[in-house]
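Per my numbering, residue 510 is the first one in the sequence shown, and the count goes up by one each step.
All residues carry an ideal CB built from backbone N, CA and C; glycine is no exception.
From a predicted model like this one, the values you see are computed outputs, not experimental measurements.
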Amino acid sequence: MHNFRKIMDDLYNVGANDRRITLFENAHPVPRGMSYNSYLLLDEKTVLLDAVDPGIAEQFWQNLSAILNDRQLDYLIITHIEPDHCSQIPELMRRYPGMTVVGNKKTFTMLNQFYEVDLEGRMLEVKEGDVLETGKHTLTFYFAPMVHWPEVMVAYDSYSKVLFSADAFGTFGPIDGAMYADQVNFEEDYLPEVRRYYANIIGKYGRNVTTLFEKIAGLDIEMFCPLHGLIWRKDFHLITDKYKQWASYTPEERGVVIAYGSIYGNTALAAEILANKLADGGVEKVVVHNVSSEHPSYILADCFRYDRLVFASATFNAELFPYMESLLLDLKAHNLTNRTVALIENGSWAVASGRKMREILDQMKGMTILEQTLSIKSSVKGPDLEALDELAKALLAA
Ligand code: FEO
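And the structure:
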């Protein structure tokens, strides 16, 4: 049975939620699942903007065929070739032999890498600013490389004033019935997963996000239609302000993230003592993460959110505790910048974790590492408490 959503007279979302997926990209936990949007425009020509992940293919076909009925599909616009939106392209080409695939040069290169399809006579290659007239609607393409892949482009429909924004403004998680951001408590119920999605999926390419904002600044937009999650039709600032902050790696608010890697609990105790001292000292917010048990995607999101970071790590095999190393490399890979950082190291013989953490952080731009590094020998003792006091004071003053 179909379960599509009508957005306006001639625009539908034929995507769906997948509540069985547990890891998006087989990397990021999505404990509640994931939504995939696919937009169908019924103009003089019929146009599908992106398809869906294999996990919801059956629902997608039900939705698509219910709306198209006996009509042919004239165009498939690929704003993003990642398989969570493109897995059904070979089948779309088979079912709709008159369908033309619209993409840019890079789209088609990657399409041929992923799928063995015969595009002879069925390709429309567009360039930046090119226009596709479909009847009443006029779609203009703006390239948005690396938001999230190199071939990404967004499409602006000047007739209905909709921006089909590809992965931009997407989210982890499903949508629960209400498909418009103005129907939900966005900040409470969706922003944390929108932030985690941004940080992990797009966070590395802030400069490109800023460029996209510059390109679309002059457009008269009444709706954002992203490929995952909520559709926006008002209060755009609730998401665009966040995107602009994240894209410039500006912290959203003051607060301290403490991430610790601890083997027997001694480094953890130092982290907990520091958290208490910060709270007692009046810090705006403190968040403590155990890197062994918490997925780095959540910690990365908090590092995008807050302005000060503490990394506390045991030494392990004369190296950095592996979960801490993994976290720091993840932060580096996502180009996190402009944060104040404090370090706590621990070791029982050849202490190495402080030096190893600093080596990674030194490769990141704009990281201010406080001088007050605490070095613990196996367990926290009296003098360490004084050092933690100093560290807390430095973080509060930073
Ligand atoms: Fe939703 Fe980059 O794929």
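Tell me which residue opens and which closes the alpha helix (DSSP H) that residue i is part of.
{"i": "residue 699", "result": "Per DSSP, residue 699 belongs to no alpha helix (DSSP H) and is neither H nor E."}
{"i": "residue 664", "result": "First-last for residue 664: 662-666, but that is the beta strand (DSSP E), not the alpha helix (DSSP H)."}
{"i": "residue 552", "result": "That residue, residue 552, is in no alpha helix (DSSP H); it is neither H nor E in DSSP."}
{"i": "residue 778", "result": "775-789"}
{"i": "residue 569", "result": "566-577"}
{"i": "residue 742", "result": "Taken as a continuous stretch (DSSP letters only), residue 742 belongs to no alpha helix (DSSP H), as it is neither H nor E."}
{"i": "residue 832", "result": "831-842"}
Residue i: buried (16+ other C-beta within 10 angstroms of its C-beta) or exposed?
{"i": "residue 640", "result": "exposed"}
{"i": "residue 773", "result": "exposed"}
{"i": "residue 685", "result": "exposed"}
{"i": "residue 855", "result": "buried"}
{"i": "residue 683", "result": "buried"}
{"i": "residue 636", "result": "exposed"}
{"i": "residue 746", "result": "exposed"}
{"i": "residue 727", "result": "exposed"}
{"i": "residue 511", "result": "exposed"}
{"i": "residue 613", "result": "buried"}
{"i": "residue 816", "result": "buried"}
{"i": "residue 802", "result": "exposed"}
{"i": "residue 540", "result": "exposed"}
{"i": "residue 786", "result": "buried"}
{"i": "residue 811", "result": "buried"}
{"i": "residue 865", "result": "buried"}
{"i": "residue 454", "result": "Past the edges of the chain, shown from 510 to 907, lies residue 454, and the structure says nothing about it."}
{"i": "residue 750", "result": "exposed"}
{"i": "residue 709", "result": "buried"}
Is any non-hydrogen atom of the ligand FEO found closer than 7 Å to the C-beta of residue i, if you look at the structure I gave you?
{"i": "residue 679", "result": "yes"}
What does DSSP give as the partner residues of residue i in its beta bridges?
{"i": "residue 546", "result": "BP columns for residue 546 are empty, so no partner."}
{"i": "residue 878", "result": "850"}
{"i": "residue 714", "result": "DSSP lists no partner for residue 714."}
{"i": "residue 884", "result": "854"}
{"i": "residue 586", "result": "558 and 611"}
{"i": "residue 732", "result": "671"}
{"i": "residue 538", "result": "532"}
{"i": "residue 682", "result": "543"}
Could you pull the start and end residues of the beta strand (DSSP E) that residue i belongs to?
{"i": "residue 746", "result": "No beta strand (DSSP E) holds residue 746; the alpha helix (DSSP H) holding it covers 746-756."}
{"i": "residue 517", "result": "514-517"}
{"i": "residue 817", "result": "815-825"}
{"i": "residue 689", "result": "Per DSSP, residue 689 belongs to no beta strand (DSSP E) and is neither H nor E."}
{"i": "residue 768", "result": "762-770"}
Consider the C-beta atom of residue i and the heavy atoms of the ligand FMN; say whether any pair is separated by less than 7 Å.
{"i": "residue 771", "result": "In the structure shown, the ligand FMN is absent; the only ligands present are the ligand FEO."}
Check the Cβ-Cβ distances between residue i and every residue of chain B, and say whether any is below 8 Å.
{"i": "residue 728", "result": "The structure shown contains no chain B, having only a single protein chain."}
Under a criterion of Cβ closer than 7 Å to any non-hydrogen atom of the ligand FEO, which residues qualify, in chain order? 589, 591, 593, 594, 657, 658, 676, 679, 710, 736 and 737
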